[in-house]
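In this text, residue positions in the sequence shown follow this note's numbering: the first is 628, and each later residue adds one.
Heads up: the structure comes next, in structure tokens.
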Amino acid sequence: MKTKTTQTLSVGGCLTRQGLDIIVEQRKFPIVYPKKIWQSTPIWLKKFLLDNLTFAETHYLPLMLKKSGVDYSTNYPLFEPIFYKNQLLDMLICEKTDKVKPLSYLRRFYNLTFSFASSISRWPKAKTGRPFSFDPKTVVIPFTFGKESLTTLALSLEIGLRPVLFYSQEPVQPYEESYKKRQLASLSR
């Protein structure tokens, strides 16, 4: 299936009093944070989030909208390689689900062009925040209830480590939240 691509998308973002707006072709998509959290967030971190979230939430849009790439008015995101690799891996699953020719999405994704207002990434400031102590017996586990996180939890307990489970709720899947919170509560007993 041959698809014709046209011009690039114009994507940017701006900080607001409540969070940030991602702007795609002059249309705003707000990301709102709790007031207390956003107001206490340092400006350098807000700008760092703006660059990285804008890219993370939009770099796949040219595929969907049949564009040749994106012109960003933000800085090059520090986490671009991570987001890009994640998207490549997702493409393979999408191709299978959509029953399209293998590597067709991947080929189009590789051929996209991305330009940024600045090629210099904003870096988080070193030595900010509260000091913390390091405990080599405590491990933080990103927890999804999948086989990898369950195995990591079991192995941690088996070798005498103290696991701290970290669960992040994705807004697009709210139905899972109550079940997973109950399960986390039972695991923490």
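Ideal Cβ placement from N, Cα and C applies to all residues, glycine included.
In this text, all values refer to a predicted model and were calculated from it rather than measured experimentally.
For Val-767, collect the residues of the same chain with a Cβ closer than 6 Å to its Cβ; drop the 5 residues on either side in sequence, then sort them by chain order.
In the sequence shown, the residue the question calls residue 767 occupies position 140. Only Val-791, Phe-793 meet the Cβ criterion.
What is the residue span of the beta strand (DSSP E) that Tyr-699 lies within?
Here the question's residue 699 lines up with position 72 in the sequence shown. Looking at the DSSP string, the run of the beta strand (DSSP E) that includes Tyr-699 is 696–699.
Quick check on this structure: which residue in Pro-657, Pro-669, Ser-813, Cys-721 has the alpha carbon closest to the alpha carbon of Phe-772?
Looking up residue 772 in the sequence shown gives position 145. Among Pro-657, Pro-669, Ser-813, Cys-721, the Cα nearest to that of Phe-772 is on Ser-813.
Between Glu-652, Lys-808, Leu-647, Thr-685, which has its C-alpha nearest Leu-672's C-alpha?
Residue numbering aside, residue 672 sits at position 45 when the sequence shown is read from its first letter. Of the listed residues, the one whose Cα sits closest to Leu-672 is Leu-647.
If you pair each beta-carbon of the region 673–693 with each one of the region 731–747, do three or more pairs fall below 8 Å?
In short, these stretches touch, since the Cβ pair count reaches three.
Buried or exposed, going by whether 16 or more other CB atoms sit within 10 Å of the CB of Asn-702?
Here residue 702 refers to the residue found at position 75 when the sequence shown is read from its first residue. Its Cβ being crowded by 16 or more others within 10 Å, Asn-702 is buried.
Where in the region 657–695 do unbroken runs of the alpha helix (DSSP H), each at least 4 residues long, occur, reported from the N-terminal end onward?
Entirely contained in the region 657–695, the alpha helix (DSSP H) runs reaching 4 residues are, in chain order, 662–667, 670–685, 688–692.
Compute the distance between the beta-carbons of Pro-704 and Ser-748, then report whether it is under 9 Å.
Walking along the sequence shown from the start, residue 704 turns up at place 77. Walking along the sequence shown from the start, residue 748 turns up at place 121. Taking 9 Å as the Cβ cut-off, Pro-704 and Ser-748 qualify as a contacting pair.
Relative to the C-alpha of Pro-657, which candidate in Ile-664, Ile-649, Lys-774 has its C-alpha closest?
Along the sequence shown, read from residue 1 onward, the residue named residue 657 stands at position 30. Selected option, being the one with the closest Cα: Ile-649.
Under 9 Å between the Cβ atoms of Leu-688 and Gly-640?
For this step, residue 688 is matched to residue 61 along the sequence shown. For this step, residue 640 is matched to residue 13 along the sequence shown. No. Outside cutoff.
Give me the DSSP bridge partner(s) of Gly-640.
Position 13 of the sequence shown, counted from the first residue, corresponds to residue 640. Answer is Ile-649, bridged to Gly-640.
Return the CA-CA distance between Arg-789 and Leu-777, expressed in angstroms with no decimal places.
As a first step, residue 789 must be located in the sequence shown, where it is residue number 162. As a first step, residue 777 must be located in the sequence shown, where it is residue number 150. Answer to the nearest angstrom: the Cα atoms are 14 Å apart.
How should Met-691 be labelled, buried or exposed, when 16 other C-beta atoms within 10 angstroms of its C-beta is the threshold for buried?
Counting from 1 along the sequence shown, the entry for residue 691 is found at position 64. Exposed, by the Cβ-count rule.
In whole angstroms, give me the CA-to-CA distance for Lys-807 and Phe-761.
Position 180 of the sequence shown, counting from 1, holds the residue named residue 807. Position 134 of the sequence shown, counting from 1, holds the residue named residue 761. Using only the alpha carbons, I get a separation of about 28 Å.
If Ser-695 sits next to Leu-739, beta carbons under 8 Å apart, how far is it from one beta carbon to the other, in whole angstroms?
In the sequence shown, the residue the question calls residue 695 occupies position 68. In the sequence shown, the residue the question calls residue 739 occupies position 112. Indeed, because the Cβ distance is near 7 Å, the residues count as touching under 8 Å.
I need the boundaries of the beta strand (DSSP E) containing Ile-768, first residue and last residue.
Mapped onto the sequence shown, residue 768 falls at position 141. Its beta strand (DSSP E) spans residues 765–769.
With 9 Å as the threshold, decide whether the Cβ of Leu-677 is near any Cβ in chain B.
No chain B is part of this structure, which consists of one protein chain only.
Considering only DSSP beta bridges, list what Ser-742 is partnered with.
Against the sequence shown, residue 742 aligns to sequence position 115. In DSSP, Ser-742 forms a bridge with Asp-698.
Starting from Leu-792, follow its DSSP beta bridges and name the residues at the other end.
Along the sequence shown, read from residue 1 onward, the residue named residue 792 stands at position 165. Beta-bridge pairing links Leu-792 to Ile-768.
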